[in-house]
Amino acid sequence: YIGALSVSFFALFGYLSSRAIPMSAASAPNIKFRWQPYRQTKHTLSISKADPVIFKATLAISWFWFLGAAYLTQFPNFTQHYLNGSESAV
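Taking the UniProt record's numbering, the leading residue of the sequence shown gets 1, the next gets one more, and so forth.
Next comes the structure, spelled out in structure tokens:
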């Protein structure tokens with residue numbers, strides 16, 4: 001019960017804290033959101049390629065998430081073969 005109560009407390013605390021944030025005007029109200037994910041991704045990557053530091057940071061973050069996903073898929077195999085456990089233990 002302590003875990004459930006603490007999670008509920010922090011969720012309520014976070015919600016009430018977010019209600020205390022003052023309203024502000026939109027920084028760029030004229031920007032339109034385009035529902036074209038491929039084109040928008042291509043556009044965003046072309047913008048990031050203009051600055052080498054931003055492009056390298058984008059590649060580093062992408063590599064980090066790819067490597068994390070690859071390791072995460074191998075946890076059941078590692079558990080089964082080296083720790084003599086089952087896939088449900090992960």
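Ideal Cβ placement from N, Cα and C applies to all residues, glycine included. Since the model is a prediction, treat every value here as computed from it, not as a measurement.
In terms of Cβ geometry, GLN80 and SER88 do not form a close pair [threshold 8 Å].
Straight-line spacing of the CA atoms in SER48 and PHE10 works out to 37 Å. Residues of the same chain with their beta carbon placed closer than 6 Å to that of ILE61 are lacking, with the five preceding and five following residues left out of the count.
For TYR38, the enclosing alpha helix (DSSP H) begins and ends at 37-49. Assigned with DSSP and collapsed to three states, ARG34 falls in coil, not helix or strand. Per DSSP, reduced to three states, the secondary structure at SER8 is helical.
In the structure shown, the three-state DSSP call for ASN84 is coil.
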